[in-house]
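**Student:** Shown below is the structure under consideration.
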Amino acid sequence: WTLGGDDDDLAGALSGPVRVRVPAKINLHLGVGPLRSDGYHELHTVYHAISVYDEVTARAGDTLSLTMQGEGVGELELDDSNLVIRAAHALAATAKVPAHARLHLRKTIPLAGGLAGGSADAAATLVALDALWGTGLGRDELARVAATLGSDVPFLLYGGTALGTGHGEAVSPVLARANRWHWVVAFADGGLSTPQVYGELDRMRAAGTAPAPLNSSDDLLSALRQRDPAVLGAALGNDLQAAALSLRPALADTLDVGDKAGALASLVSGSGPTCVFLARDEAHGADLAQALRESGLCRGVQQAYGAVHGARIG
Ligand code: ATP
């Protein structure tokens, strides 16, 4: 695993601008354990970084400021609640430097889409400001700061395919073949709140209406060591899917379009409402994307591949 691009980029403060590209994540396996007394669910997940990107650019400044373009303009606050600003403050506090920078966020990852866009932006900000400020923090320290910002943030520093445990913040790389997996990503109108989706799963489990929880990720991990996308497709699973479908029943129609068009797997990404479809190859992905577009059920459809690197300069 490499972090933040070439080591040269990280030696000493840069005058900027520093531009960092960061991917979205999907969960190839999302096993949700019971609710713990601390309010968290114990997770066992396999993260996978795909080629749908946000970009954070950092320039030297006298104060801390944030501008943005793309997905979520007008909806996403640019104040202290924004994960970009929170990441800047967290890094400045750890590195004991003033939190001064001019930041610009270019978003293509939809808000509250189940693709961890906010976490991705936090990871990108850490990498950009680490370079701009020349903090000299090692990757483990950066990952520790990342974990204070959100469960998915450490993974998005690294990217690739990785196992996440705890609440998802404890990540370790998965031994996988250097395969390129082809995906189609279908964006929906509006987001789904992650806490609400977990709440719905708890409700369904208490009422006995939730499907049986996933088994271990062993089949998935073995599929990742093979080359056959059909084997991978059969091993994908998401315990949050039933809850996302319960809150947004129309997503079942989107999944159906993928199934009927021959997707090797159709599933909700994380807490949804984004749906992802596994294709045999790029051409098959183009066919799936066309069927999904023609269905008129999706706000947008994009082909993507994985696994890709995490937050990186350049
Ligand atoms: P996850 O799967 O990690 O729960 P998600 O993909 O469903 O996330 P995000 O877009 O990552 O959803 O963010 C969820 C919420 O976080 C947003 O609704 C927004 O209120 C808040 N947020 C704060 N900063 C950001 C940011 N830079 N980008 C997106 N959301 C942000």
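Note that the sequence shown covers residues 1 to 314 in the working numbering. Where is the CB? At the ideal position from N, CA and C, for every residue including glycine. Since the model is a prediction, treat every value here as computed from it, not as a measurement.
#1: Are the stretch 222-237 and the stretch 263-274 touching by the rule of at least three beta carbon pairs closer than 8 Å?
#2: With residue 219 as the anchor, note down where its alpha helix (DSSP H) starts and where it stops.
#3: Is there at least one non-hydrogen atom of the ligand ATP closer than 7 Å to the beta-carbon of residue 270?
#4: Within this structure, are the beta carbons of residue 18 and residue 91 separated by less than 8 Å?
#5: If we require 4 or more residues per run, which alpha helix (DSSP H) segments fall completely within the stretch 41-80?
#6: Which word fits residue 294, buried or exposed, when buried means at least 16 other C-beta atoms lie within 10 angstroms of its C-beta?
#7: Can you tell me the Cα-Cα spacing of residue 3 and residue 157, whole angstroms?
#8: Grouping DSSP H, G and I as helix and E and B as strand, with all else coil, what is residue 174?
#9: Relative to the C-alpha of residue 46, which residue among 155, 112 and 226 is closest?
#10: Examine the Cβ distances between the stretch 77-86 and the stretch 17-37 and report whether three or more of them are shorter than 8 Å.
#11: For residue 227, I'd like the list of residues in its chain whose CB is within less than 7 Å of its CB, leaving aside the five on either flank, ordered along the chain.
#12: When burial is assigned at 16 or more other CB atoms within 10 Å of the CB, is residue 212 buried or exposed?
#13: Following a CB-centred definition, is residue 84 positioned closer than 7 Å to any heavy atom of the ligand ATP?
#14: In chain order, which alpha helix (DSSP H) runs of at least 4 residues are fully inside the stretch 87-151?
#15: Is DSSP giving residue 199 helix, strand or coil here?
#16: Closer than 7 Å by C-beta to residue 162: which residues in its own chain qualify, once you throw out the five before and the five after it? Chain order, please.
#17: Among 23, 29, 99 and 21, which residue has its Cα nearest to the Cα of residue 223?
#18: Could you round the C-beta distance between residue 251 and residue 268 to whole angstroms and report it? I think they count as a contact, below 8 Å.
#19: For residue 194, which of helix, strand or coil comes out of DSSP?
#20: Looking only at C-alpha atoms, which of 280, 239 and 270 sits nearest to residue 258?
#21: In terms of residue numbering, what span does the alpha helix (DSSP H) encompassing residue 286 cover?
#22: Could you have a look at residue 9 and say whether DSSP puts it in helix, strand or coil?
#23: Identify every residue that forms a DSSP beta bridge with residue 23.
#24: Relative to the C-alpha of residue 315, which residue among 144, 95 and 69 is closest?
#25: Reducing DSSP to helix, strand and coil, say where residue 39 ends up.
#26: Mapping DSSP to helix, strand and coil, what is residue 205?
#27: Quick one: using the 10 Å Cβ neighbour count with 16 as the cut-off for buried, is residue 304 buried or exposed?
**Tutor:** Result, derived from the coordinates:
#1: Two segments are said to touch when three or more pairs of C-beta atoms, one from each, lie closer than 8 Å; by this definition the stretch 222-237 touches the stretch 263-274.
#2: In the sequence shown, residue 219 corresponds to position 219, counting from 1. For residue 219, the enclosing alpha helix (DSSP H) has its first and last residue at 218-224.
#3: Your numbering for residue 270 matches position 270 in the sequence shown. For the ligand ATP, at least one heavy atom lies less than 7 Å from the Cβ of residue 270.
#4: For the purposes of this step, residue 18 is identified with residue 18 of the sequence shown, where counting begins at 1. For the purposes of this step, residue 91 is identified with residue 91 of the sequence shown, where counting begins at 1. For residue 18 and residue 91, no; Cβs fall outside 8 Å.
#5: None, since the stretch 41-80 contains no complete alpha helix (DSSP H) of that length.
#6: To locate residue 294, count along the sequence shown from 1; it is residue 294. Of the other Cβ atoms in all chains shown, fewer than 16 fall within 10 Å of the Cβ of residue 294; this residue is therefore exposed.
#7: Numbered from 1 along the sequence shown, position 3 holds the residue referred to as residue 3. Numbered from 1 along the sequence shown, position 157 holds the residue referred to as residue 157. With a pLDDT of 47 at residue 3, under the threshold of 50, the modelled position of this residue cannot be trusted; read the value that follows with caution. Their Cα atoms are separated by approximately 7 Å.
#8: On the sequence shown, position 174 is the one that residue 174 refers to. Residue state, collapsed to three classes: coil.
#9: Position 46 of the sequence shown, counting from 1, holds the residue named residue 46. Nearest neighbour of residue 46 by Cα position, chosen from 155, 112 and 226, turns out to be 155.
#10: They do not touch, by the three-pair rule.
#11: Position 227 of the sequence shown, counted from the first residue, corresponds to residue 227. Here the set comprises 177 and 179.
#12: Indexing the sequence shown from 1 puts residue 212 at position 212. The residue is exposed, with fewer than 16 neighbouring Cβ atoms inside 10 Å.
#13: As a position in the sequence shown, residue 84 is number 84, starting the count at 1. Because some heavy atom of the ligand ATP lies under 7 Å away, the Cβ of residue 84 counts as near it: yes.
#14: Correct list: 117-133 and 139-149.
#15: By one-based count along the sequence shown, residue 199 stands at place 199. Looking at residue 199 - three-state DSSP - the assignment turns out to be helix.
#16: Along the sequence shown, read from residue 1 onward, the residue named residue 162 stands at position 162. 47, 155, 171, 172, 173 and 174.
#17: Position 223 of the sequence shown, counted from the first residue, corresponds to residue 223. For the residues 23, 29, 99 and 21, the minimum Cα distance to residue 223 belongs to 29.
#18: Reading the sequence shown from its first residue, position 251 is the one you call residue 251. Reading the sequence shown from its first residue, position 268 is the one you call residue 268. Contact between residue 251 and residue 268 holds: CB atoms are separated by about 6 Å, below the 8 Å threshold.
#19: Translated into positions along the sequence shown, residue 194 becomes position 194. Looking at residue 194 - three-state DSSP - the assignment turns out to be helix.
#20: For the purposes of this step, residue 258 is taken as the residue at position 258 of the sequence shown. When each option's Cα is compared against that of residue 258, the closest is 280.
#21: Mapped onto the sequence shown, residue 286 falls at position 286. 282-295 is the extent of the alpha helix (DSSP H) around residue 286.
#22: The count along the sequence shown starts at 1 and reaches residue 9 at position 9. For residue 9, the predicted model reports a pLDDT of 44, less than 50, meaning its position is unreliable; a value from the coordinates is still stated below. Collapsing the DSSP output to three states places residue 9 in a helix.
#23: As a first step, residue 23 must be located in the sequence shown, where it is residue number 23. Assignment of beta-bridge partners to residue 23 by DSSP yields 53.
#24: The requested residue 315 is not part of the displayed model; the chain covers only 1 to 314.
#25: If you number the sequence shown from 1, residue 39 lands on position 39. Coil, per DSSP.
#26: Locating residue 205 in the sequence shown gives position 205, where the first residue counts as 1. Here residue 205 sits in helix by DSSP.
#27: Looking up residue 304 in the sequence shown gives position 304. Residue 304 should be labelled buried.
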